[in-house]
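First up is the structure itself, then whatever we jot down about it.
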Amino acid sequence: MRFYDKLKVLPATLAGEVLTFPCPGCGTVSVENWNRFCTDCRSKLQRPSEPHCRGCGGSIDGILDYCSKCLEFGVRPWNNAFALFEINEFGRAMIHRYKYRGGIELARAFAQIGNETLLHAKTQFDMIVPIPLHWTRQLQRGYNQAQLFGLQLHHELNIPLCNIIRRCRRTRRQATLNREARIKNLKNAFVLRKGVSVDGLKILLIDDVFTTGSTLTEACRAMPGADITVMTIGRR
Numbered sequence: 001m002r003f004y005d006k007l008k009v010l011p012a013t014l015a016g017e018v019l020t021f022p023c024p025g026c027g028t029v030s031v032e033n034w035n036r037f038c039t040d041c042r043s044k045l046q047r048p049s050e051p052h053c054r055g056c057g058g059s060i061d062g063i064l065d066y067c068s069k070c071l072e073f074g075v076r077p078w079n080n081a082f083a084l085f086e087i088n089e090f091g092r093a094m095i096h097r098y099k100y101r102g103g104i105e106l107a108r109a110f111a112q113i114g115n116e117t118l119l120h121a122k123t124q125f126d127m128i129v130p131i132p133l134h135w136t137r138q139l140q141r142g143y144n145q146a147q148l149f150g151l152q153l154h155h156e157l158n159i160p161l162c163n164i165i166r167r168c169r170r171t172r173r174q175a176t177l178n179r180e181a182r183i184k185n186l187k188n189a190f191v192l193r194k195g196v197s198v199d200g201l202k203i204l205l206i207d208d209v210f211t212t213g214s215t216l217t218e219a220c221r222a223m224p225g226a227d228i229t230v231m232t233i234g235r236r
């Protein structure tokens, strides 16, 4: 091989020798990963079928725009919903690690799937708004998982990340409550920050898990006049 040809392949050679990255799902090292899920882990995530439910982002089990679960809940205060995956055993393990075991490296892998999802949908937004944690819970956990996911989406999509709503009171953990208790627990839990107007803005509201949609519903009520689409990492 001529010296010039060796120079041309040098960057790729160095990348293969030095710049290798572990899959955030299984730890398999590859130059292609770059904090993405490897092909095997990606195949374990149960992606929703298309067309998806506009209420929760999950798969539709009929001919309507909404799944049977969302039809029971009635009208949602958003126009469309996306979920990166429906929660199976592997997806549950990834979310648990992300939320409770400090697996913040997963945020970028989730955001790359979110980027692909939104590019396929050809949807544009004025801003990304993450669901806020109460400050005491964020202090306890050390980070807001929706905020980190939103930050990586911001880098992927070049859309501003705006913390325009705040959690004005501490609530009980939603995972321990039934549907009625979830709704009551979050009543008036969010407020729009002073001096902020969202009238007519297209907002991507993001959270980690969609169960009943109670958290997202209350957050939407804090942003009257906005055109809201929701995105969650997982959908139960």
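Residue numbers (the working numbering): 1 to 236. Glycine included, each C-beta is placed from N, C-alpha and C at the ideal position.
Rounded straight-line distance, which links the Cα of I63 to that of W135: Roughly 42 Å between the two C-alpha positions.
Quick one: which unbroken alpha helix (DSSP H) runs of 4-plus residues sit fully inside the segment 97–160? Chain order, please. Here the runs fully enclosed are 106–121, 135–141, 145–157.
What residue does the alpha helix (DSSP H) around T215 start on, and which one ends it? Where T215 is concerned, the enclosing alpha helix (DSSP H) starts and stops at 214–221.
Check for me: the alpha helix (DSSP H) holding R42 runs from which residue to which? Unbroken alpha helix (DSSP H) run through R42: 39–44.
Please name the residue, chosen from P48, S49, S30, D207, that lies closest to F149 on a Cα-to-Cα basis. When only C-alpha atoms are compared, the closest one is D207.
Which residues bound the alpha helix (DSSP H) around E50? No alpha helix (DSSP H) holds E50; DSSP gives it neither H nor E.
To the nearest angstrom, how far is it from the Cα of R173 to the Cα of I164? Spanning the alpha carbons of R173 and I164 requires a straight line of approximately 22 Å.
Classification of R76 by the beta-carbon crowding that lies within 10 angstroms, buried from 16 upward: Around the beta carbon of R76, 16 or more other beta carbons lie within 10 angstroms, which makes this residue buried.
Compute the beta-carbon to beta-carbon distance between T232 and G57, rounded to the nearest angstrom, for a pair I have assumed lies under 8 Å. Contact annotation, T232 with G57: C-beta distance approximately 6 Å; criterion of less than 8 Å satisfied.
Confirm, please, whether the CB-CB distance from I113 to L84 is below 8 Å. Yes; because the gap between Cβ atoms is below 8 Å, this pair is in contact.
Using CA coordinates, which residue listed in A111, R221, V29, Y100 is at the minimum distance from A189? The shortest C-alpha separation from A189 is found at R221.
Beta-carbon proximity check, L133 vs R182, cutoff 8 Å: Contact annotation: L133 and R182 have beta-carbon atoms that are not nearer than 8 Å.
Proximity of L216 and L204 at Cβ, strictly below 8 Å: Pairing L216 with L204 gives a Cβ-Cβ distance that is not under 8 Å.
Taking the beta strand (DSSP E) that L205 falls in, what are its first and last residues? That run of the beta strand (DSSP E) goes 202–210.
Do the segment 88–101 and the segment 223–232 touch if we need at least three Cβ pairs shorter than 8 Å? In short, these stretches do not touch, since the Cβ pair count stays below three.
Residue interval of the alpha helix (DSSP H) (run including L192): Careful: L192 lies outside any alpha helix (DSSP H), inside the beta strand (DSSP E) at 190–192.
Distance between K202 and P224 (C-alpha atoms, nearest Å): When the Cα atoms are used, P224 and K202 turn out to be separated by approximately 12 Å.
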